[in-house]
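Okay, structure first, notes after.
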Amino acid sequence: MELDSLYQEVILDHYKHPQNKGLTSEFSAQVHHVNTSCGDEITLNVTIKDRKISGISWDGQGCSISQASVSILSELLMDKTLEEAEVITQSFSNLMASKGTSAGDPEVLEDAVAFAGVSKFPSRVKCALLGWMAFKDAAVQSQGEMK
Amino acid sequence: MPFSVADIRKDFPIFERTIRDGKRLVYLDSGATSQKPWTVINAESDFYSKHNAAVHRGAHQLAEEATDAYEGARAKVATFIGAQVDEVIFTKSATESLNLVAYAMGNAHQGNRFALTSADEIVVSEMEHHANLVPWQELAKRTGAKLSWFTVTEEGRLDLSGVNEVITERTKVVAITHQSNVLGTINPLDAITKRAHEVGAVVVLDACQSVPHMPVDVSELNVDFLAFSGHKAVGPTGVGILWGRSELLAQLPPFLTGGSMVSSVTMTDATWAPAPQKFEAGVPNMAQAVGLGAACDYLSTVGMQNIRNHEISLTDYALDKLSAISGIKIIGPTTNVSRGSTISFTLKEIHPHDLGQYLDSQGIAVRTGHHCAWPLAKSMKVQSTTRASFYLYNDERDVDALFEAVVNAQKYFGRF
Chain V
1 MELDSLYQEV ILDHYKHPQN KGLTSEFSAQ VHHVNTSCGD EITLNVTIKD RKISGISWDG
61 QGCSISQASV SILSELLMDK TLEEAEVITQ SFSNLMASKG TSAGDPEVLE DAVAFAGVSK
121 FPSRVKCALL GWMAFKDAAV QSQGEMK
Chain B
1001 MPFSVADIRK DFPIFERTIR DGKRLVYLDS GATSQKPWTV INAESDFYSK HNAAVHRGAH
1061 QLAEEATDAY EGARAKVATF IGAQVDEVIF TKSATESLNL VAYAMGNAHQ GNRFALTSAD
1121 EIVVSEMEHH ANLVPWQELA KRTGAKLSWF TVTEEGRLDL SGVNEVITER TKVVAITHQS
1181 NVLGTINPLD AITKRAHEVG AVVVLDACQS VPHMPVDVSE LNVDFLAFSG HKAVGPTGVG
1241 ILWGRSELLA QLPPFLTGGS MVSSVTMTDA TWAPAPQKFE AGVPNMAQAV GLGAACDYLS
1301 TVGMQNIRNH EISLTDYALD KLSAISGIKI IGPTTNVSRG STISFTLKEI HPHDLGQYLD
1361 SQGIAVRTGH HCAWPLAKSM KVQSTTRASF YLYNDERDVD ALFEAVVNAQ KYFGRF
């Protein structure tokens, strides 16, 4: 069933057992992003030291795609430099824009390639991107503060 | 003519197609927009192919025919809602109808009964669709008037216990929905209209979810303005209606100005044509208005009371059937009293967006999210819901399909 390409096991697993959920009290930047069309929301705390991500925590409410996506992101980007994180984020954005034509690069995206099927469902791409947009925003904000 | 869903479905060409690899279309999203019968599609198409010309201008036969068709549609809408013909204004949507009243009130100068100042109050409710909330918030900001509102009970009914405190001597306008687009609740209006008129306020009714589904007669409702959209009432998109009492329309300043709405124009000034022209600046949405006229004819032929009765029995069946699903919570009245056929619900384990996706894979179209009523979702303590909304072309088979698919979705998402 086409639906199975959307609801990969790894996605439902992260939805049921979210990683790094629960906000830390310390952070370099905190952002709150909302998908205005459905009301899904994510608060993301990012800690960056010496251009390296040393902490990601989040809280949120929403569908399995939006919540699993930020959960996977929180594992994937941990301990990465900002430059590495940018490569990964760009690769994920490209995958989401691929309309089902790309399987994603597992070397770069690891578990996040599970979202390849989402790109076939235009109305769900925004769900998958919610946490990633929040991260981009947080990264920019924390850099701004460092200057 | 006996009410037959099978016959009605034959009038709607969309039911000839299938969804997601050959599945029967189970369309449960009429609260967002309804499907269209051939008569409406043909009326709009015929206007373009046979009579198209700019109405109310042009010295030629086509202009005459177009004007007759457009004004004929106005008369049909008037009859449909029990109004006088010159009280019916064509807009592009119900959203525009509501904005028209709010902006026109904002245009009123001191001395006009509609003029608002910081001494005045505007009353809405927590149950409003954003279209009947945000324009009033903005009007309050522009004029300094205070915005206050009726709250909603846990069951999803308007809390009218403090009607005399919510509507005060300072209230100038009360904007309220007839039927909630999320909860299905049909609001009792008598206490509201009585108190509003007692203090000299006007009542603006958002009838988007009522006019398509039950007999609505403005001569009996005791409201002052009423808005609804064509596309939720088997009519075309791009056309809405604003009805207003003629004595009020005479005093209400215009919203949009320009051609067709003036009585005379000099280089520095203009005077207004009487309603409805005063509120219809520019070449109007003629084909859509004509299509809406055909929609009113279609609904009248089926019979609005027949549609209402059909939806009451379908709602009985659906509430009964859905309540049996484990983990389901119906958001809104669970008893079939003063409620329409819109049913919103949540499931313990499955987020509405995921459920909606599964239902779609089974050919079932529902709406998920906050349904453009964000404050209501917050007051009902839900982030989002799944909404099934029924109409004249739905039957028990559709309810059964929804029930089965929800149960199967629980199995599908419960597999890990």
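Here the protein sequences come in this chain order: V and B. Under the working numbering, the first residue of the first sequence carries the number 1, and numbering increases by one thereafter. Under the working numbering, the first residue of the second sequence carries the number 1001, and numbering increases by one thereafter. Beta carbons: idealized from backbone N, C-alpha and C, even for Gly. In this text the structure is predicted, and so the values were computed from the model without any measurement.
Can you tell me whether DSSP reads residue i as helix, strand or coil?
{"i": "ILE1167 of chain B", "result": "coil"}
{"i": "LYS1050 of chain B", "result": "helix"}
{"i": "ALA1324 of chain B", "result": "coil"}
{"i": "SER64 of chain V", "result": "helix"}
{"i": "LYS16 of chain V", "result": "helix"}
{"i": "LYS1381 of chain B", "result": "coil"}
{"i": "ASN1099 of chain B", "result": "helix"}
{"i": "ARG1308 of chain B", "result": "helix"}
{"i": "PHE1090 of chain B", "result": "strand"}
{"i": "ALA1373 of chain B", "result": "coil"}
{"i": "GLY55 of chain V", "result": "strand"}
{"i": "ALA1294 of chain B", "result": "helix"}
{"i": "PHE1279 of chain B", "result": "helix"}
{"i": "THR1386 of chain B", "result": "strand"}
{"i": "ASN45 of chain V", "result": "strand"}
{"i": "HIS1213 of chain B", "result": "coil"}
{"i": "SER32 of chain V", "result": "Per the sequence presented here, residue 32 of chain V reads as His, with Ser not at that position. In this structure, HIS32 of chain V counts as strand in the three-state DSSP scheme."}
{"i": "VAL10 of chain V", "result": "helix"}
{"i": "LYS80 of chain V", "result": "coil"}
{"i": "SER1264 of chain B", "result": "strand"}
{"i": "PHE1003 of chain B", "result": "coil"}
{"i": "VAL1182 of chain B", "result": "coil"}
{"i": "LYS99 of chain V", "result": "coil"}
{"i": "SER1344 of chain B", "result": "strand"}
{"i": "LYS147 of chain V", "result": "Confidence in LYS147 of chain V is poor, its pLDDT being 42 and thus under 50, which makes the residue's placement unreliable; the coordinate value appears in the next sentence. Residue state, collapsed to three classes: coil."}
{"i": "SER1148 of chain B", "result": "strand"}
{"i": "THR1271 of chain B", "result": "strand"}
{"i": "VAL1134 of chain B", "result": "helix"}
{"i": "THR1177 of chain B", "result": "strand"}
{"i": "LEU1062 of chain B", "result": "helix"}
{"i": "ALA1409 of chain B", "result": "helix"}
{"i": "SER119 of chain V", "result": "helix"}
{"i": "VAL113 of chain V", "result": "helix"}
{"i": "ASP1206 of chain B", "result": "strand"}
{"i": "LEU1160 of chain B", "result": "coil"}
Under 6 Å Cβ to Cβ from residue i, same chain only, skipping five residues before and after it: list those, please.
{"i": "ASP137 of chain V", "result": "VAL31"}
{"i": "GLY1144 of chain B", "result": "SER1118"}
{"i": "ALA134 of chain V", "result": "VAL31, HIS33, ILE42, LEU44"}
{"i": "GLY1082 of chain B", "result": "ASP1217, VAL1218, SER1219"}
{"i": "MET146 of chain V", "result": "Residue placement at MET146 of chain V is poorly supported in this model, since its pLDDT is 48, which falls under 50; the coordinates are not used for a value here."}
{"i": "LYS80 of chain V", "result": "ILE53"}
{"i": "LEU1256 of chain B", "result": "ALA1281"}
{"i": "ASP1316 of chain B", "result": "ASN1336"}
Within its chain, find whatever has a CB closer than 7 Å to the CB of residue i; leave out the 5 residues flanking it on each side and keep chain order.
{"i": "ILE161 of chain V", "result": "Because residue 161 of chain V is not part of the residues shown, which for chain V are 1 to 147, the question remains open."}
{"i": "ALA1075 of chain B", "result": "VAL1085"}
{"i": "GLN1277 of chain B", "result": "SER1260, MET1261"}
{"i": "SER1073 of chain B", "result": "The question names Ser, but residue 1073 of chain B is Ala in the sequence shown. Closer than 7 Å at Cβ, skipping near neighbours: ALA1289, VAL1290, LEU1292, GLY1293."}
{"i": "GLU1311 of chain B", "result": "HIS1213, GLY1340, SER1341, PHE1390"}
Within its chain, find whatever has a CB closer than 8 Å to the CB of residue i; leave out the 5 residues flanking it on each side and keep chain order.
{"i": "VAL1223 of chain B", "result": "LEU1189, THR1193, VAL1203, VAL1204, LEU1205"}
{"i": "PHE6 of chain V", "result": "It is worth fixing the name first, because residue 6 of chain V is Leu in this sequence and not Phe. Answer for LEU6 of chain V: ILE65, GLY117, VAL118, LYS120, PHE121, ARG124, listed in chain order."}
{"i": "LEU1025 of chain B", "result": "ILE1014, PHE1015, ARG1017, THR1018, ILE1019, GLY1363, ALA1365"}
{"i": "GLY1106 of chain B", "result": "LEU1116, LEU1139, ARG1142, THR1143"}
Every unbroken alpha helix (DSSP H) within the segment 1007–1048 of chain B, with a cutoff of 4 residues, ordered by chain: You should have 1038–1046.
Between the segment 1351–1367 of chain B and chain V, which residues of the former have a C-beta closer than 8 Å to a C-beta of the latter? Of all residues in the segment 1351–1367 of chain B, only HIS1351, PRO1352, HIS1353, ASP1354, GLN1357, TYR1358, SER1361 place a beta-carbon less than 8 Å from a beta-carbon of chain V.
Quick one, which residues of the segment 1399–1414 of chain B are near chain V if we go by CB-CB under 8 Å, in chain order? Against chain V - using a Cβ distance shorter than 8 Å - the residues of the segment 1399–1414 of chain B are TYR1412, PHE1413.
Which parts of the segment 1215–1247 of chain B are runs of the beta strand (DSSP E), unbroken and 3 residues or longer, counting only runs that do not cross its ends? The segment 1215–1247 of chain B contains these whole beta strand (DSSP E) runs: 1225–1229, 1240–1244.
Just checking, does the segment 1285–1303 of chain B make contact with the segment 1248–1262 of chain B on the three C-beta pairs under 8 Å criterion? Segments in contact, no.
Can you give me, in chain order, the residues of the segment 38–65 of chain V that have a beta carbon less than 9 Å from any beta carbon in chain B? Result list: CYS38, GLY39, ASP40, GLU41, GLN61, GLY62, CYS63, SER64, ILE65.
If you pair each beta-carbon of the segment 1356–1370 of chain B with each one of the segment 1029–1036 of chain B, do three or more pairs fall below 8 Å? Segments in contact, yes.
Count the CB pairs spanning the segment 1081–1090 of chain B and the segment 1232–1245 of chain B that are closer than 8 Å, and state whether there are at least three. Flag = yes, the segment 1081–1090 of chain B and the segment 1232–1245 of chain B touch.
Check whether the segment 1381–1390 of chain B touches the segment 1002–1011 of chain B, taking contact to mean three or more Cβ pairs, one atom from each stretch, closer than 8 Å. The segment 1381–1390 of chain B is not in contact with the segment 1002–1011 of chain B.
Answer yes if the segment 1200–1208 of chain B comes into contact with the segment 1051–1067 of chain B, meaning at least three C-beta pairs across the two stretches below 8 Å, and no otherwise. By the criterion of at least three beta-carbon pairs nearer than 8 Å, the segment 1051–1067 of chain B is not in contact with the segment 1200–1208 of chain B.
Does the structure place the segment 54–66 of chain V close enough to the segment 1344–1359 of chain B that three or more beta carbon pairs sit under 8 Å? Enough Cβ pairs lie closer than 8 Å, so yes.
Okay, do the segment 1126–1133 of chain B and the segment 1164–1180 of chain B touch, 3+ Cβ pairs below 8 Å being the bar? The segment 1126–1133 of chain B, when compared against the segment 1164–1180 of chain B, does touch it at the 8 Å Cβ threshold.
Mind checking the segment 2–23 of chain V against chain B and listing, in chain order, the residues whose C-beta falls within less than 8 Å of any C-beta there? Listed by position, the residues of the segment 2–23 of chain V near chain B (Cβ gap below 8 Å) are GLU2, LEU3, LEU6, TYR7, GLU9, LEU12, ASP13, LYS16.
Any C-beta of chain V within less than 8 Å: which residues of the segment 1378–1391 of chain B qualify? For the segment 1378–1391 of chain B, which is checked against every Cβ of chain V, the residues closer than 8 Å are GLN1383, SER1384.
May I ask you to verify whether the segment 1151–1167 of chain B touches the segment 1321–1337 of chain B, counting CB pairs closer than 8 Å and requiring at least 3? They touch, by the three-pair rule.
Against chain V: residues of the segment 1018–1039 of chain B by CB proximity under 7 Å: Within the segment 1018–1039 of chain B, no residue has a Cβ that lies closer than 7 Å to any Cβ of chain V.
Within 9 Å of chain V by C-beta, residues of the segment 1138–1159 of chain B in sequence order: Answer in chain order: no residues at all.
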